[in-house]
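Worksheet for the structure shown next.
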Amino acid sequence: MRIHLKDNSNIAVIGGGPAGSFFAHFALLYAKQLGIKISVTIFEKRDFTKKGAKGCNMSAGVLSETLINKLSEQNIRLPSACIQQEIDGYFLQVHEYGIPLHYPYPPHKTKIVTVFRGSGPRFANYDISKSFDHFLLEHAQELGADVIPHTVTNIQIPKDPKNPVKLTYGDEVSKAEYAADLVVGAFGVNSDTLYELNKLGFDYVPPQTVQTCIMDIYPTRTVNNTLYGKNIYVFSLGSKFIKFAAFVPKGDFLTICLVGKKDMDKAQLHAFLNQPKIQEMLPKDWDDPKKRCVCFPSIPLNHAKHPYTNRLVIIGDAGISRTYKNGIDSAFTTAQLAAKTAFERGVSENDFAEGYFKPAKRLLGRDNVYGNIILMANDIISQQRNIVSNHIKYMSEHPDSWGTRQMNEVLWNTVTGNATYKNIFFKSINPRLLLSLLPVTLFSLIRKNG
Ligand SMILES: Cc1cc2nc3c(=O)[nH]c(=O)nc-3n(C[C@H](O)[C@H](O)[C@H](O)COP(=O)(O)OP(=O)(O)OC[C@H]3O[C@@H](n4cnc5c(N)ncnc54)[C@H](O)[C@@H]3O)c2cc1C
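With our numbering applied, the sequence shown closes on residue 450, and no number is skipped along the way.
Quick look at the structure:
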């Protein structure tokens, strides 16, 4: 069956996070190019101008260089008011040793920046310049999208695909209906909508998720500069329950981001923070409860099954994204693919299967297979304290050796997400690199067993 958007078609986007705003951007762009008059309405339950949980789409808030390049290709200019901190590099802390990681091909200056997704932590006693999600939503509005600040509570897919999809939104007082020729699910993985869709009778299965932990504290800019400079600190301390930990400086604030092997909770957060190495690196007064904002958002572990049907497509985290890396970049990619499909092919189930989900799986899904191998290998290797420490020590003592430069590239691409997981995987099993690491590995094994 062919179903097409035409003049006066209504598109409803559920969720005004990055995926929703990017979809509106591309839909309005493609419609203009094709000379079709459409209306795009974004339903967003959060107010991104608010501090704390009410305004925040909970993340570490690092915008990758790849995303920043894509934004500027689309003429989406991030205002300086959005940027909390420009980042020069990463610092990898492994047990007692640490090394700076830098862009592998100097003299290039990195373009990584940190942002707040809402208007800052709940305790912030001044207005944080501008939320990233608010900026994107305003950008979509400037292009012509309408924003309805309400929760979508019900979706009714018609039996006959010629008819529109009906949405119900608002609370008891403001309850209303909306008929859409296309519905775009951009509601992320921290929304009940995800599970409501299971009941609609098409084969959508949401991604599996794990609960992470984010804590914002208030060291002040001076303390941040002294302790971390313009670096994001990543920790690989061989913990049994933490997969990935990072300190992300944001002007006066510091975001501590923990991704666990299972769901994170307060006890695990405290166990992480109370490790001697972490205590050494935390600012004084970090545990002042009046200057802490903690949340436990979910992150996808894999992609959804069948995130589309006639007149409905699910994008961003709720559809498919890169595991553990640059979710906002994935939101951009899936939004663009889905919008292109809607305008160039049509909005039927088959159009989204072929034009959106197949290419998205090729780009992101397949790469996640390599990502999972890399992350599993990292879990195992980081437990080998002696070997890992000696390698990092060797790298810090021989910064210009061929092996160090190659390892820097692998680690840089892993922490920044600048290269595909496939590229990182093949680079890290390069026989010459493995051979160059052998002497330090053997030395560590002999010391361990000797
Ligand atoms: C701990 C952690 C750290 C992360 N760090 C980074 C990082 O540094 N860089 C990066 O690129 N990515 C990061 N991510 C991933 C990133 O946050 C997500 O990939 C990205 O936000 C996905 O965008 P989205 O638009 O699909 O979903 P979301 O950002 O979750 O947006 C969904 C929106 O839909 C709204 N909504 C939901 N249901 C409804 C409804 N029924 N009606 C109306 N509105 C609704 C929500 O309020 C929300 O605004 C991190 C994630 C986690 C958990």
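We treat Cβ as the ideally placed atom computed from N, Cα and C, and that holds for glycine.
Set against 7 Å, the gap from the CB of Asn57 to the closest heavy atom of ligand 1 is smaller.
Between Asn163 and Arg117, the C-beta gap is not smaller than 8 Å, which leaves the two residues out of contact. Put simply, the segment 184-200 does not touch the segment 87-107. Fewer than three CB pairs are less than 8 Å apart.
In this structure, Thr114 lies near Lys250, with their beta-carbon atoms less than 8 Å apart. Shown here for Thr441: same chain residues with a beta carbon closer than 7 Å to its own, the five before and five after excluded, namely Ile387 in chain order.
Annotation: the segment 290-326 contains the following complete segments of the beta strand (DSSP E) (minimum length 3 residues), in chain order: 293-295, 298-300, 312-314.
Between the C-alpha atoms of Ala246 and Asn310 there is a straight-line separation of about 41 Å.
Look at Tyr233 here: in three-state DSSP terms it is strand. Contact between the segment 307-323 and the segment 180-189 is present: 3 or more CB-CB pairs across the two stretches fall below 8 Å.
The C-beta of Met376 has fewer than 16 other C-beta atoms within 10 Å across all chains shown, which makes the residue exposed. The DSSP assignment places 152-156, 165-169, 176-180, 182-185 as complete runs of the beta strand (DSSP E) inside the segment 152-206, in order along the chain (cut-off: 3 residues).
Residue state for Tyr90 is assigned as strand, using DSSP reduced to three classes.
A straight-line Cα-Cα distance of about 24 Å links Ile11 and Gly55. By alpha-carbon distance to Thr66, the top candidate from Phe91, Gly346, Ala331 is Ala331.
Counting only the Cα atoms, Phe43 lies some 39 Å from Thr222. Per DSSP, Tyr97 lies in no alpha helix (DSSP H); the unbroken beta strand (DSSP E) holding it starts and ends at 97-101. Glu397 is classed as exposed because its beta carbon has fewer than 16 other beta carbons within 10 Å across all chains shown. For Asn368, the CB contacts under 8 Å within the same chain, skipping 5 residues up- and downstream, are Asn302, His303, Arg322, Thr323, Tyr421 in chain order. According to the DSSP assignment, Ala31 belongs to no beta strand (DSSP E) but to the alpha helix (DSSP H) extending over 18-34.
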